[in-house]
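One structure is given below, encoded as structure tokens.
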């Protein structure tokens, strides 16, 4: 059989097999592909032109924009060999951002979260904040994707920032929250509760949608050496929301996948045994290489991705291919693994390297 090359000419998605791999029901001949996010700038040239035309032709957020965007996202994921498409958005929170010049971005700019002080610093801010209401939820992107999915392809939902990221990054800011933990813990609790209720309600509304495979929530809770906040803080304010959402998914026959960056060793047992996530994504060699994580937790949970971003972006082709084979050899052993990057396919990932990674996975056999 000739080696597969991307973009695939005749993709054959198999979401049923993907789900069985995640649930550890089968050990496949090769691990399926998995990714949390793929920039449209990482599309092959012809598809990238279509994305460019999308932004030039339709008003962002219009019905036609949403419908066309969903079709292009399906094509992006399908042509690269994925069994599902990740659809994001639909739940917006007003926030402060910083815009800087960045030559790696298609439009020359990059947005950064305001880390110091967010829109909520006190109770007055809390009361005045324009919290999204149930009627503000926008499901058009998900509905358009569900309508256009080809046979055999699934869909994961990711509406907004995570249960930790949203209060810390978007609503309060890291510095403000750190002070408020001691100066006004009731405010901190109120922000987490209010944000959690809104995000959970989104998932509750979408849980029965046709063609939905599961929830793939991003929630970066750590940095290089530890969690951002003490583990007990996360156990009180954050993990219960993940647990509730995982239960909602499972009660509806769906998967609950978690993308979370950082050193989460202090709460991994909680995520596996109490929250009951089905799979964990986001790894960095400088923290815990995915090969080590697989050896430590691979019998208890499914592992997603793990190709270190620095290696993926900067390694010479021969070293990249050797690295990819090592990850595949170790992580595919015993099943419970899907292959992909350690974080996401950002717009600064070289297209050639992305293709090398995909083809290594698509052509791998144990």
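Numbering (this note's numbering), first residue to last: 919 to 1284.
Backbone N, C-alpha and C fix where the C-beta goes; we use that ideal spot for every residue, glycine too.
Between the alpha carbons of residue 995 and residue 986 lies a gap of roughly 15 Å. With respect to residue 1080, residue 1136 sits close: the two C-beta atoms are nearer than 7 Å.
Counting only runs of at least 3 residues, the region 1209-1276 fully encloses the following beta strand (DSSP E) elements, listed from N- to C-terminal order: 1220-1222. If you check the CB distance, residue 1102 and residue 1031 do not come in under 7 Å. Here DSSP, grouped into helix, strand and coil, assigns residue 1176 to strand. In summary, residue 1041 is exposed, with fewer than 16 beta-carbon neighbours lying within 10 Å of its beta-carbon over all protein chains present. When only Cα atoms are considered, residue 1228 and residue 1210 end up about 18 Å apart. Closest in C-alpha terms to residue 1219, from the list 1077, 1256 and 1133, comes 1256. Secondary structure of residue 1036 (DSSP, three-state): coil. Taking 4 residues as the minimum length, the alpha helix (DSSP H) runs contained wholly in the region 931-1015 are 933-940, 963-975 and 981-997, in order along the chain. Beyond the five residues adjoining it in sequence on each side, residue 1145 comes within less than 8 Å, by CB distance, of 1139, 1152, 1180, 1181, 1182, 1184 and 1185 in the same chain, given in chain order.
Around the beta carbon of residue 1060, 16 or more other beta carbons lie within 10 angstroms, which makes this residue buried. Here residue 1143 is exposed. Its C-beta has fewer than 16 other C-beta atoms within 10 Å. Within 10 angstroms of the beta-carbon of residue 1017 lie fewer than 16 other beta-carbons, which makes it exposed. Taken through DSSP and simplified to helix, strand or coil, residue 1130 comes out as strand. Here the alpha carbons of residue 1193 and residue 1048 stand approximately 30 Å from one another.
The beta carbon of residue 932 sits closer than 7 Å to those of 1001 and 1070, all from its chain and outside the five residues before and after it, given in chain order. The alpha-carbon of residue 993 is positioned some 45 Å away from that of residue 1098. Checking the DSSP bridge columns, you'll see residue 1017 partnered with 1029.
Cβ neighbours of residue 1124 within its own chain (closer than 7 Å, five residues either side excluded): 1057, 1060, 1075 and 1130.
If the five residues before and after residue 1188 are omitted, its C-beta is found closer than 6 Å to the C-beta atoms of 1157, all from its own chain and listed in chain order. For residue 1181, the three-state secondary structure derived from DSSP is coil. Here the alpha carbons of residue 1204 and residue 1190 stand approximately 23 Å from one another. When beta bridges are read from the DSSP output, residue 1168 appears opposite no residue.
Taking 7 Å as the cut-off, the Cβ atoms of residue 1121 and residue 1133 count as close. Between the alpha carbons of residue 1095 and residue 1106 lies a gap of roughly 7 Å. Between the region 922-938 and the region 946-965, the count of C-beta pairs closer than 8 Å reaches three or more; the two stretches touch.
Within the same chain, 1073, 1127, 1128, 1129 and 1130 come within 8 Å of residue 1064 by CB-CB distance, once the 5 residues on both sides are set aside.
Between residue 1246 and residue 1279 the beta-carbon gap is near 7 Å, inside 8 Å, which marks them as a contact.
Judged by their CB atoms, residue 945 and residue 1253 are nearer to each other than the 7 Å cut-off. When the beta-carbon positions are compared, residue 1084 and residue 1038 stay at least 7 Å from each other.
Contact between residue 1034 and residue 1091 holds: their C-beta atoms lie close to 5 Å from each other, under 8 Å. Comparing alpha carbon positions, the residue from 1013, 1118 and 938 closest to residue 1052 is 1118. In the DSSP assignment, residue 1072 is bridged to 1002. If you check the CB distance, residue 976 and residue 969 do not come in under 7 Å. Residues of the same chain with a CB within less than 8 Å of the CB of residue 1283, apart from the 5 flanking positions on each side, are 947 and 948 in chain order.
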